Amino acid sequence: MPNSLFTPPVYRFAPSPNGALHLGHALSALLNARFARETGGRLLLRLEDIDRARCRPEFERAIVEDLAWLGLTFEAPVRRQSDHFADYETALDHLKARGLVYPAFLTRGEIRAHVAAIEAGGGTWPRDPDGAPLYPGPERTWDTRRREDAVAAAEATGRPYAWRLDMEAARRAIDGPLTWQETGTRPTSGTDDPEGLAGTIAARPEAWGDVILSRPDAPSSYHLSVTVDDAVQGVTHVVRGQDLFHATAVHRLLQTLLDMPAPVYHHHRLVRGPDGRKLSKSQRDTGLAALRESGLSAAQVRALVL
């Protein structure tokens, strides 16, 4: 159980309403509820719906129904990210004012072509912990005038562009080591198997390169919005799956740059399907609604994951 360093501790379960909850979500929600109960803490529900193209009201209703079926209750009101785009814009503006972000114009196809050309010539290209190639960042060296002109031209023509964190500049802006407190388990190299209690973890956000903080189809990235939300909601303990363990380094960097508090983190094991892969919302056979319809009780589902 995470250490209760705060009074009262604040936990949150934060699903995205872009599909049905599955057993992995049930584990995360139930652990948050258990830790909140055992520490006398508060339990919040946040709907991470910044992806307006994929998030739908019917999925939100299903999430609320599934959580109620599991016997979980949360403090009101529920925070919906789509109601707080102004909060994320303010945070992004702060980073812009410090010269820590830049407009990025390369498309995914252009990035792939750039990397493919280098690898075809026998070279290698760095990739982030999820396996995606790091952004080449040609705009990183542009002066202010060139960036402003490029943004103006893009907005005049409707050309999409993103705002990316200048990782090198951001790391230079941090004095001293960057760490986080981990009370769960860390994944071993290339797997999600636990290595035991993690303790103090050295954060290495540079492994992610120049991460996106805002793009045309989503005014805020996951990294930026979750950092702002946890601070605004006073979250003291983040309990989530091991698939987000390495992303914590980016969140700790943004928290430091934005002068926001650092929660204690607890990354739990992943629930896997018969093929050994982590569950996804496309796997209907592990969806909570489907399991309920098959005749399983909430108690049986809790027993499956806890």
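No gaps in the numbering here: position 275 of the sequence shown is 280 in this note's numbering, and each next residue is one more. We put the beta carbon where it would ideally sit given N, CA and C, even for glycine. Quick caveat: nothing in here was measured; it's all calculated off a predicted structure.
*Roughly how many whole angstroms lie between the Cα atoms of A252 and H228?*
Within the sequence shown, numbered from 1, the residue matching residue 252 stands at position 247. Within the sequence shown, numbered from 1, the residue matching residue 228 stands at position 223. In a straight line, the C-alpha of A252 is about 8 Å away from that of H228.
*Using the DSSP secondary-structure output, state which residues sit across from H271 in a beta bridge.*
The residue you call residue 271 lines up with position 266 of the sequence shown. Looking at the DSSP output, H271 shares a beta bridge with V244.
*Determine the direct distance from the alpha carbon of L263 to that of L75, and round the result to whole angstroms.*
Position 70 of the sequence shown, counting from 1, holds the residue named residue 75. Position 258 of the sequence shown, counting from 1, holds the residue named residue 263. Cα-Cα distance, rounded: 36 Å.
*Exposed or buried, what is A121 when buried is set at 16 or more other beta-carbons lying within 10 Å of its beta-carbon?*
As a working mapping, residue 121 is identified with position 116 in the sequence shown. With a 10 Å radius around the Cβ and a threshold of 16 neighbouring Cβ atoms, A121 comes out exposed.
*So, are the CB atoms of P131 and F64 less than 7 Å apart?*
On the sequence shown, residue 131 is found 126 positions in, with the first residue counted as 1. On the sequence shown, residue 64 is found 59 positions in, with the first residue counted as 1. For P131 and F64, no; Cβs fall outside 7 Å.
*Just grab the DSSP bridge partners of S219 for me.*
Residue mapping note: residue 219 aligns to position 214 of the sequence shown, counting from 1. DSSP output for S219 lists W168 as bridge partner(s).
*Could you pull the start and end residues of the alpha helix (DSSP H) that A67 belongs to?*
Numbered from its first residue, the sequence shown carries residue 67 at position 62. Segment 62-74, the alpha helix (DSSP H) holding A67.
_DSSP three-state assignment for Y227, whether helix, strand or coil_ = Here residue 227 is taken as the residue at index 222 of the sequence shown, counted from 1. Helix, per DSSP.
*Compare the Cα-Cα distances from R51 to each of L170, E115, E70, P82 and report the closest residue.*
Walking along the sequence shown from the start, residue 51 turns up at place 46. Residue P82 is the option with its Cα nearest to R51.
*What does DSSP give as the partner residues of G24 in its beta bridges?*
Position 19 of the sequence shown holds residue 24. Residue pairing by DSSP places G24 opposite no residue, since no beta bridge is assigned to it.
*Compute the distance between the beta-carbons of A25 and A303, then report whether it is under 7 Å.*
For this step, residue 25 is matched to residue 20 along the sequence shown. For this step, residue 303 is matched to residue 298 along the sequence shown. Contact flag unset, no.
*What are the start and end residues of each continuous alpha helix (DSSP H) run of 4 or more residues lying completely inside the segment 116-153, in chain order?*
Unbroken alpha helix (DSSP H) runs of no fewer than 4 residues, entirely contained in the segment 116-153, are not found.
_In the DSSP output, what is F18 paired with across the bridge?_
The residue you call residue 18 lines up with position 13 of the sequence shown. In DSSP, F18 forms a bridge with L50.
*asked:* Is the beta carbon of L170 closer than 7 Å to that of V106?
replied: Translated into positions along the sequence shown, residue 106 becomes position 101. Translated into positions along the sequence shown, residue 170 becomes position 165. Judged by beta-carbon spacing, L170 lies within the 7 Å limit of V106, meaning their Cβ atoms are closer than that value.
*Check whether the Cβ atoms of L28 and T291 sit closer than 7 Å, and answer yes or no.*
Sequence index remark: in the sequence shown, residue 28 carries index 23 (1-based). Sequence index remark: in the sequence shown, residue 291 carries index 286 (1-based). Between L28 and T291, the C-beta spacing is below 7 Å.
*Roughly how many angstroms lie between the CA atoms of A19 and R85, to the nearest whole one?*
Against the sequence shown, residue 19 aligns to sequence position 14. Against the sequence shown, residue 85 aligns to sequence position 80. In this structure, the alpha-carbon of A19 lies about 10 Å from that of R85.
_Candidates A34, R220, V15, P14, of which the one nearest G246 by Cα_ = Looking up residue 246 in the sequence shown gives position 241. Answer by Cα proximity: A34.
*asked:* Below 8 Å on the Cβ atoms is my contact criterion, and I expect G46 with V15 to pass it. Report the Cβ-Cβ distance as a whole number of Å.
replied: In the sequence shown, residue 46 corresponds to position 41, counting from 1. In the sequence shown, residue 15 corresponds to position 10, counting from 1. So it is a contact: roughly 6 Å between Cβ atoms.
*What residue does the beta strand (DSSP E) around V276 start on, and which one ends it?*
Indexing the sequence shown from 1 puts residue 276 at position 271. Careful: V276 lies outside any beta strand (DSSP E) and carries neither H nor E.
*Which partner residues does E187 have in the DSSP bridge list?*
As a position in the sequence shown, residue 187 is number 182, starting the count at 1. Partner(s): G204, Y270.
*Could you tell me which residues DSSP pairs with V106 in its beta bridges?*
Here residue 106 refers to the residue found at position 101 of the sequence shown. L170.
*Are the segment 87-94 and the segment 137-153 in contact at 8 Å, needing three or more beta carbon pairs?*
Result no; under three Cβ-Cβ pairs closer than 8 Å.
*Exposed or buried, what is P182 when buried is set at 16 or more other beta-carbons lying within 10 Å of its beta-carbon?*
In the sequence shown, counting from the first residue as 1, residue 182 sits at position 177. Burial call: exposed.
_Nearest-angstrom Cα separation, counted from A125 out to G114_ = One-based indexing of the sequence shown puts residue 114 at position 109. One-based indexing of the sequence shown puts residue 125 at position 120. C-alpha separation (whole angstroms): 16 Å.
*Under the assumption that L111 contacts P141 (Cβ atoms under 8 Å), give the Cβ distance between them as a whole number of angstroms.*
Taking the sequence shown and counting its residues from 1, one reaches residue 111 at position 106. Taking the sequence shown and counting its residues from 1, one reaches residue 141 at position 136. Correct: roughly 7 Å between the Cβ atoms.
*So what does G292 bridge to, in DSSP terms?*
Along the sequence shown, read from residue 1 onward, the residue named residue 292 stands at position 287. Under DSSP, G292 forms a beta bridge with H27.
*Indicate the three-state DSSP secondary structure (helix, strand or coil) for P82 in the structure shown.*
Taking the first residue of the sequence shown as 1, we reach residue 82 at position 77. In the structure shown, P82 adopts coil according to DSSP, grouped into three states.
*Quick one: what's got a C-beta closer than 8 Å to A178's C-beta in the same chain, skipping five residues either side?*
To locate residue 178, count along the sequence shown from 1; it is residue 173. So the list reads R103, L105, L262, once near-sequence residues are dropped.
*Straight-line gap, A267 to W147 (C-alpha atoms, nearest Å)*: Locating residue 267 in the sequence shown gives position 262, counting from the first residue. Locating residue 147 in the sequence shown gives position 142, counting from the first residue. Those two C-alpha atoms are separated by around 33 Å.
*If you draw a straight line from the C-alpha of E298 to the C-alpha of A31, how long is it?*
As a first step, residue 298 must be located in the sequence shown, where it is residue number 293. As a first step, residue 31 must be located in the sequence shown, where it is residue number 26. For the pair E298 and A31, the Cα-to-Cα distance works out to about 16 Å.
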